[in-house]
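Counted the way the working numbering counts, the sequence shown spans residues 41 to 460. Even for Gly, the Cβ is constructed at its ideal location relative to N, Cα and C. Bear in mind that the values here come from a model prediction, so they are computed numbers and not experimental data.
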Amino acid sequence: MAACLIPFVLGLQQARAQSCTGPGWLAGPDMPSTGVRMVGVYFPANHKFYAVGGRSMDEVGNDFTHPFEYNPTSNSWAIKSATFPDNQVSDMACGVLTDSGTDYIYCVGGSAGGQTTATARVFRYNPVTDVIESIASPWPGDTDGITLPGGFAVFNNKLYILGGFQINTAMTDTIWEFTPGTNIWVQKCAHLPVPRGYIPTVAYFGFIYTAGGSDWNGTTLVDTNDSFKYDPVADSITTIPNIPRATGETRALKFADVFRPCAPSIWVMGGGRTPPNPSNEVDTYCPDTWHTGPPFVTARRNFPADTDGGGFSGTGHIWLAGGYASDGVTPLRSMEIYCNPVPTPSTPPEAATPTPTFTPTAPAALPPCATPTPTATATVTPTATATVTSTATATSTPRVTPTPRLQPTPRTRPTPPPRP
Numbered sequence: 041m042a043a044c045l046i047p048f049v050l051g052l053q054q055a056r057a058q059s060c061t062g063p064g065w066l067a068g069p070d071m072p073s074t075g076v077r078m079v080g081v082y083f084p085a086n087h088k089f090y091a092v093g094g095r096s097m098d099e100v101g102n103d104f105t106h107p108f109e110y111n112p113t114s115n116s117w118a119i120k121s122a123t124f125p126d127n128q129v130s131d132m133a134c135g136v137l138t139d140s141g142t143d144y145i146y147c148v149g150g151s152a153g154g155q156t157t158a159t160a161r162v163f164r165y166n167p168v169t170d171v172i173e174s175i176a177s178p179w180p181g182d183t184d185g186i187t188l189p190g191g192f193a194v195f196n197n198k199l200y201i202l203g204g205f206q207i208n209t210a211m212t213d214t215i216w217e218f219t220p221g222t223n224i225w226v227q228k229c230a231h232l233p234v235p236r237g238y239i240p241t242v243a244y245f246g247f248i249y250t251a252g253g254s255d256w257n258g259t260t261l262v263d264t265n266d267s268f269k270y271d272p273v274a275d276s277i278t279t280i281p282n283i284p285r286a287t288g289e290t291r292a293l294k295f296a297d298v299f300r301p302c303a304p305s306i307w308v309m310g311g312g313r314t315p316p317n318p319s320n321e322v323d324t325y326c327p328d329t330w331h332t333g334p335p336f337v338t339a340r341r342n343f344p345a346d347t348d349g350g351g352f353s354g355t356g357h358i359w360l361a362g363g364y365a366s367d368g369v370t371p372l373r374s375m376e377i378y379c380n381p382v383p384t385p386s387t388p389p390e391a392a393t394p395t396p397t398f399t400p401t402a403p404a405a406l407p408p409c410a411t412p413t414p415t416a417t418a419t420v421t422p423t424a425t426a427t428v429t430s431t432a433t434a435t436s437t438p439r440v441t442p443t444p445r446l447q448p449t450p451r452t453r454p455t456p457p458p459r460p
């Protein structure tokens, strides 16, 4: 309903597009609510950023029921009318996939605040029509009912899930592949060299890279710096130089900032749980070397983030918002935007070796260990769009056009207990 499409803006910025005078981090408008464990997704069809799922805080009953939409043109947030199929929407795996020529945001798995169980449910969201549909093909990686998806990335119009977290029990090492349209899940033969969850993961020039991720020591989550490269076509995995700092519970992105040593490169965004984390540090990777990127202002973890690609393929933005603050407990609503003016692009390092266009391999051609796991019917069941009202009516304080900020704030805090 229209009543749900409430813009949340920063006073005088309501009618002003986000300016780009960078490179650097700028303050964006606050989200409609504090938000943690949401997934950030840039949707190319309408050039908007979405924060999907999650909850406002960790207590039971604070799970979000509608997607949040950020419009870069108006520099404002809105709560959409479409309703999630259930309340198990924290720590999902989401990505943009195309079915019959239409783009959707597909989301897999998740849990609810205060729960130690997880769902295998799959749904898809069309931001253009503002409609959510359930997909009758649950994720086989959660047959035990307690496993959250680990790292996730989209490659060749397929969603890959690497590892996972059996809540308060153990990590997993399996790799799953989902194909839209047929809605078939395939367990790949390759496994992560070590079980991990909450893995920063990104598709990058024909491979899927991981950097860090969480381990479980029997009591709490522990950040790691293990880093790997998965080849979806060969179904093989190799090690790469470890990310210099241990991290987890965050995102990795492919972004072209031509002011960095290599563009485009992999950006690993802050995150982590073990002190001195959560962090505001950014590490970039390319080619086969780690570099220090521009830190954002507010240290955080479990926050939604994504990018339009940067200088070679977009307008040059990274969006992030919400998450847990540096104490690992306090939920945030603040937004930060990395803005990179689009220059006349030079030839990126990878251009010397063009990335081939891969032809998808039918599941039947995979090795015996990768048995397809289809559902008897791959039909889509629309979820009724409920009449809703805004879950938050925040009134933002006017402020002038933000300027870049690059000074992190030192912090000291105890390690909070783990939560799904």
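Residues bridged to residue i [DSSP beta-bridge criterion]
i       : result
Leu-137 : Tyr-144
Gly-68  : Met-375
Met-309 : Val-322
Ile-277 : Tyr-270
Thr-314 : None; Thr-314 has no bridge partner.
Short Cβ contact (8 Å threshold) for residue i with residue j
i       : j       : result
Gly-191 : Pro-240 : yes
Met-97  : Thr-113 : no
Gly-149 : Trp-179 : yes
Val-76  : Gly-362 : yes
Asn-166 : Tyr-146 : no
Ile-277 : Pro-233 : yes
Asp-213 : Gly-203 : yes
Val-468 : Val-136 : Nothing about residue 468 can be read from this structure; the chain reaches only from 41 to 460.
Val-337 : Val-322 : no
Ala-286 : Gly-312 : yes
Ile-175 : Leu-188 : no
Glu-248 : Ser-267 : Reading the sequence as shown, one finds Ile at residue 248 and not Glu. Against a cut-off of 8 Å, the Cβ pair of Ser-267 and Ile-248 comes out as no contact.
For residue i, three-class secondary structure by DSSP
i       : result
Gly-181 : helix
Ile-239 : coil
His-331 : strand
Ser-366 : coil
Arg-341 : strand
Phe-299 : coil
Thr-187 : strand
Val-76  : strand
Phe-268 : strand
Ile-358 : strand
Asp-348 : coil
Val-262 : strand
Ala-158 : coil
Ala-292 : strand
Classification of residue i by the beta-carbon crowding that lies within 10 angstroms, buried from 16 upward
i       : result
Gly-101 : exposed
Thr-250 : buried
Phe-299 : exposed
Thr-219 : buried
Asp-348 : buried
His-106 : buried
Val-81  : buried
Thr-399 : At Thr-399, the pLDDT of 39 sits below 50, so the modelled position is not reliable and the matter cannot be decided from this model.
Ala-158 : buried
Ala-296 : buried
Thr-264 : buried
Val-92  : buried
Asp-184 : exposed
Pro-84  : exposed
Practice problem: Counting only runs of 3+ residues fully inside the stretch 81-142, write out the beta strand (DSSP E) ranges in chain order. | Solution: 88-92, 108-111, 116-119 and 133-139
Self-check item: Residue ranges of each beta strand (DSSP E) within the stretch 193-254, 3 or longer
Solution: 198-206, 210-219, 224-227 and 241-244
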